[in-house]
Amino acid sequence: MARVWVFNNNISTDDIIAGRYLPKFEATHDPNWLASHVMENINPSFASKVGKDDVIIAGRNFGCGSSREEAPIALKAAGISAVVAESFARIFYRNSINRGLTVLTCPGVHKGFKSGDAAKVDFQEGVVRNLRTGKVFKAEALSNFVLKIIQAGGLLPYLKRSLKQ
Numbered sequence: 055m056a057r058v059w060v061f062n063n064n065i066s067t068d069d070i071i072a073g074r075y076l077p078k079f080e081a082t083h084d085p086n087w088l089a090s091h092v093m094e095n096i097n098p099s100f101a102s103k104v105g106k107d108d109v110i111i112a113g114r115n116f117g118c119g120s121s122r123e124e125a126p127i128a129l130k131a132a133g134i135s136a137v138v139a140e141s142f143a144r145i146f147y148r149n150s151i152n153r154g155l156t157v158l159t160c161p162g163v164h165k166g167f168k169s170g171d172a173a174k175v176d177f178q179e180g181v182v183r184n185l186r187t188g189k190v191f192k193a194e195a196l197s198n199f200v201l202k203i204i205q206a207g208g209l210l211p212y213l214k215r216s217l218k219q
């Protein structure tokens, strides 16, 4: 069971983690520092309230804007286990997989949840269930290859593990 945070359409990478925080991250490479500022421009209390394994449910075009791989790093470090959205900006989608953050495209999901709802997400089957209402949504299934990358913690850990075998 995961707690849900609902966000609207067109959440940009700058909304996820503002550019003003990137110079310090580039100097320290501390994902927890990024997590302390995640979603700050939209919900200033998000970083202090988000919990381990929480899920973001969003509208269309989540992760639009600049190609900022710090955005999925910040979400994952904050404890987000998955982002389920109507659609994603393609570069954010790939960056998320490469960083080990589960992203599921799920038509109709945005209107089916309210912040604070409890959700059960079956990543392998692509099923998202609202435990408050009982509604079930079918996401686009991730390929076995993508699931292996995410389960490894991202593309680099996956490649390192694969090369050792």
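Whatever position you read off the sequence shown (first residue = 1), add 54 for my numbering. Glycine included, every Cβ here is placed at the ideal spot set by N, Cα and C.
Cα-Cα separation, residue i to residue j
{"i": "G208", "j": "C160", "result": "22 Å"}
{"i": "A131", "j": "G105", "result": "10 Å"}
{"i": "I127", "j": "I203", "result": "15 Å"}
{"i": "A193", "j": "V182", "result": "7 Å"}
{"i": "E179", "j": "S135", "result": "16 Å"}
{"i": "E80", "j": "S90", "result": "15 Å"}
{"i": "V58", "j": "V200", "result": "23 Å"}
{"i": "D84", "j": "N149", "result": "18 Å"}
{"i": "D69", "j": "R153", "result": "18 Å"}
{"i": "K78", "j": "G188", "result": "43 Å"}
{"i": "I151", "j": "N95", "result": "24 Å"}
{"i": "N86", "j": "R186", "result": "31 Å"}
{"i": "S216", "j": "S197", "result": "17 Å"}
{"i": "Y75", "j": "Y212", "result": "28 Å"}
Beta-carbon gap between residue i and residue j smaller than 8 Å
{"i": "I65", "j": "F116", "result": "yes"}
{"i": "V190", "j": "V138", "result": "no"}
{"i": "V109", "j": "A195", "result": "no"}
{"i": "V157", "j": "F177", "result": "no"}
{"i": "I145", "j": "S169", "result": "no"}
{"i": "E124", "j": "L155", "result": "no"}
Range covered by the alpha helix (DSSP H) that runs through residue i
{"i": "D84", "result": "Careful: D84 lies outside any alpha helix (DSSP H) and carries neither H nor E."}
{"i": "F100", "result": "F100 to K103"}
Contacts around residue i, its chain only, beta-carbon distance under 6 Å, and the 5 residues preceding and following it disregarded
{"i": "G113", "result": "N62, N63, E140 and H164"}
{"i": "F100", "result": "M93"}
{"i": "Y147", "result": "V157"}
Residue i in three-state terms, based on DSSP
{"i": "L221", "result": "In the structure as shown, the chain begins at 55 and stops at 219. Residue 221 is therefore absent and cannot be evaluated."}
{"i": "T256", "result": "With the chain represented from 55 up to 219, any question about residue 256 goes unanswered, as that position is not in the structure."}
{"i": "I134", "result": "coil"}
{"i": "R144", "result": "helix"}
{"i": "S216", "result": "helix"}
{"i": "V200", "result": "helix"}
Contacts around residue i, its chain only, beta-carbon distance under 7 Å, and the 5 residues preceding and following it disregarded
{"i": "N5", "result": "Past the edges of the chain, shown from 55 to 219, lies residue 5, and the structure says nothing about it."}
Element boundaries [beta strand (DSSP E), containing residue i]
{"i": "I110", "result": "V109 to A112"}
{"i": "D176", "result": "A172 to D176"}
{"i": "F61", "result": "A56 to F61"}
{"i": "L155", "result": "Note, L155: premise wrong, no beta strand (DSSP E); not H, not E."}
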